[in-house]
Amino acid sequence: MNTPFFTTVTRIADVETNGFEVAPLPHDDWATGDYVICEVQGRPGPLYQIERPSGRMCQVFDGDHVVGALGTRAATLEGVGGWRDVDADGAMHALTGAGLFGKATSVSPLLPPLMRLQYGGHLMREGGKLTMRGFCAEVAPLALDMPVILLIGTSMSAGKTASGRVIVHELAQMGLKVAAAKLTGAARFRDMLSWKDAGAADVFDFVDVGLPSTVCPPEDFGPLLTELLSKIAATGADVLVAEAGASPLEPYNGSVAMQMIDDKVRMMV
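Here's what the structure looks like:
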């Protein structure tokens, strides 16, 4: 096997530097956040690109191997699907270029064909599978005690991230230490990097607590968001610019996020 391409969901792990074994696991042993390796299939098109851990985009071709994580996407204007929909043949798709892998069940006709993948196995060490959550260090609980500017929108591509860049820039120009976070949505590191370029001192998203997307049961998401907010609180920032990605009407737990920070929100966009 040629050296695989690592996607941005691996940025919290050491799989690119410390090695791993590969072993196929039965579907009953799969779970959200598992690191897997897949072979790229088919003629390359516009979506045959992956986001590297650095945030840089990289084209891949038929026969290349890519490392990502099992997850679920529910972007009703683009694509819906997840790892639970993968059949016994192991055929799946790159649901995002950031490495969220699963089988698409509904795709907008306006999109180019999604990158097709063939499951090759799970990343393993010492007989156990490697997961995103397994690389997240324990976090001391801290209460979020800073004002929050919250961005929400009716769906993706509504302008939340672009608006956030302007807000982060203006706050930073005022001399404030700004933290920026994408609390819900599907993994895409370049959005957070654009906020850092705009002047944010620290940037975060749900990948930092082991989630490839926030499509998961609310009872699972709540404790992980508490952990993410503790990470943000530890920065000592003056203000948090937070985006509740995707639509509040889609199952990304946007309502959970809004409830958990409601008492800190000083402005909503």
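Here the sequence shown is numbered in our numbering, starting from 738 and rising by one per residue.
Positions of the beta carbon are idealized from the N, C-alpha and C atoms, including for glycine.
All values derive from a computational prediction rather than experimental measurement.
Going by alpha carbons, who is nearest to residue i out of the options?
i    : options                   : result
V993 : G912, L832, F838 and V952 : V952
P884 : D999, E753, P761 and F743 : D999
L837 : V823, G819, A979 and R927 : G819
R862 : R1003, G756 and L807      : G756
Q786 : T842, M852, T740 and A812 : M852
P783 : L814, T833 and A806       : T833
F926 : T745, P741, T740 and N739 : T745
I904 : A880, Y989, S931 and P741 : S931
A917 : L977, L814, G864 and T898 : L977
G858 : E987, G896, L888 and A825 : A825
P763 : R821, S791 and T747       : R821
L879 : T972, A979, M929 and L860 : T972
I886 : A924, E956, E980 and R810 : E980
Check the Cβ-Cβ distances between residue i and every residue of chain E, and say whether any is below 8 Å.
i    : result
Q786 : Of the protein chains in the structure, only one exists, and it is not chain E.
By Cβ distance, which residues of its chain are closer than 8 Å to residue i, with the 5 residues on each side in sequence left out?
i    : result
L854 : C775, E776, V777, Q778, V803, A828, M829, H830, A831 and F838
Y856 : P761, V773, C775, V823, G827, A828 and M829
I749 : M869, F872, C873, V944, D945 and G947
A770 : The amino acid at residue 770 is misidentified as Ala; the sequence shows Gly. So the qualifying residues of the chain are A806, L807, G808, T868, M869, R870, G947, L948 and P949.
My guess is that residue i and residue j are in contact by the Cβ rule of under 8 Å, so how many angstroms apart are they, rounded?
i    : j     : result
K919 : D945  : Actually they are not in contact, since the Cβ atoms of K919 and D945 sit about 10 Å apart, beyond 8 Å.
S700 : V1002 : Limits of the chain in this structure are 738 at one end and 1006 at the other, which puts residue 700 out of reach.
E758 : F743  : Actually they are not in contact, since the Cβ atoms of E758 and F743 sit about 16 Å apart, beyond 8 Å.
A812 : M893  : 5 Å
Please work out which residues of its chain come closer than 7 Å, Cβ to Cβ, to residue i, disregarding the five sequence neighbours upstream and downstream, and give them in chain order.
i    : result
Q796 : P781, Y785 and Q786
Output needed for residue i: all residues of its chain with C-beta closer than 6 Å, excluding positions within five of it in sequence on either side, in chain order.
i    : result
S843 : V817
D975 : L913 and K914
Secondary structure, beta strand (DSSP E): runs of 3+ residues fully inside the stretch 772 to 818: Fully enclosed beta strand (DSSP E) runs of no fewer than 3 residues occupy 772 to 778, 786 to 788, 794 to 796, 802 to 807 and 809 to 812 of the stretch 772 to 818, in order along the chain.
Does the pairing of the stretch 891 to 910 with the stretch 923 to 943 give three or more beta-carbon distances under 8 Å? yes
Contiguous beta strand (DSSP E) assignments of at least 3 residues, all confined to the stretch 829 to 911: 837 to 844, 853 to 862 and 885 to 888
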